[in-house]
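Colleague: Mind having a look at this structure? Questions to follow.
Residue numbers (the numbering used here): 147 to 347.
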């Protein structure tokens with residue numbers, strides 16, 4: 147089991163959760179400077195029209211702002227996101243088993259992006275069967291004694307050396323081929339209790 151550093155993310159990628167599944171201790175980074183177009187505010191799902199990116203709107207910072215101080219802009223996105231998830235996975239094997247667990251995240255009003263991301267990650271880990279000891283960063287530091295995967299938050303994060311996709315069943319695989327490293331929501335909706343086996347491979 148490993149000690150790792152990861153960034154806060156919205157329904158993180160398969161790579162993100164694969165790392166979580168093998169970790170004994172996780173430091174979640176919330177003191178890095180916020181930048182646009184990362185997986186802190188977005189996730190990718192696969193629906194009948196292909197890959198869809200769901201993005202949480204935030205109030206644009208006037209100056210450099212750390213992630214834990216980023217404020218979500220409104221609530222309209224919540225209805226849009228849960229409808230998109232239901233549409234994408236309506237014919238998947240496990241939507242009906244997990245939709246009630248997800249619904250509170252799209253009805254409760256959240257102010258802070260960090261709160262939403264962390265609560266959703268905790269719930270997804272619980273549903274998948276992932277457990278580890280979590281610490282929240284107090285400041286932005288280097289961690290020479292831990293595997294640092296904070297780069298995965300960047301859409302251009304290089305996965306070639308750290309992650310090899312394990313193919314799994316996807317509802318629209320015949321239409322689009324296997325699409326790797328989507329949000330863990332895609333894995334959970336398609337594989338259910340077997341999600342943890344895919345992650346650990």
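Backbone N, C-alpha and C fix where the C-beta goes; we use that ideal spot for every residue, glycine too.
State the beta-bridge partners of residue 169 as determined by DSSP.
Modeller: Partner(s): 148.
Colleague: Using a Cβ-Cβ cut-off of 8 Å (strictly less than) and excluding sequence neighbours within five positions of residue 285, which residues of its own chain qualify?
Modeller: The residues are 177.
Colleague: Using the three-state DSSP reduction, which class does residue 336 fall into: helix, strand or coil?
Modeller: Three-state DSSP puts residue 336 in a helix.
Colleague: Considering only the alpha carbon of each residue, which of 190, 319 and 287 lies closest to residue 179?
Modeller: It is 287 whose Cα lies nearest to the Cα of residue 179.
Colleague: Is the CB-CB distance between residue 153 and residue 175 below 8 Å?
Modeller: Yes.
Colleague: Are there three or more Cβ pairs, one per stretch, closer than 8 Å when the segment 221-236 is compared with the segment 252-271?
Modeller: Touching, per the Cβ criterion.
Colleague: Just to confirm before moving on: does the CB-CB distance between residue 239 and residue 338 stay below 8 Å?
Modeller: Result yes, Cβ atoms of residue 239 and residue 338 sit closer than 8 Å.
Colleague: Is any heavy atom in the ligand ATP found nearer than 7 Å to the beta carbon of residue 238?
Modeller: Questions concerning the ligand ATP fall outside what the structure shown contains, since it holds no ligand whatsoever.
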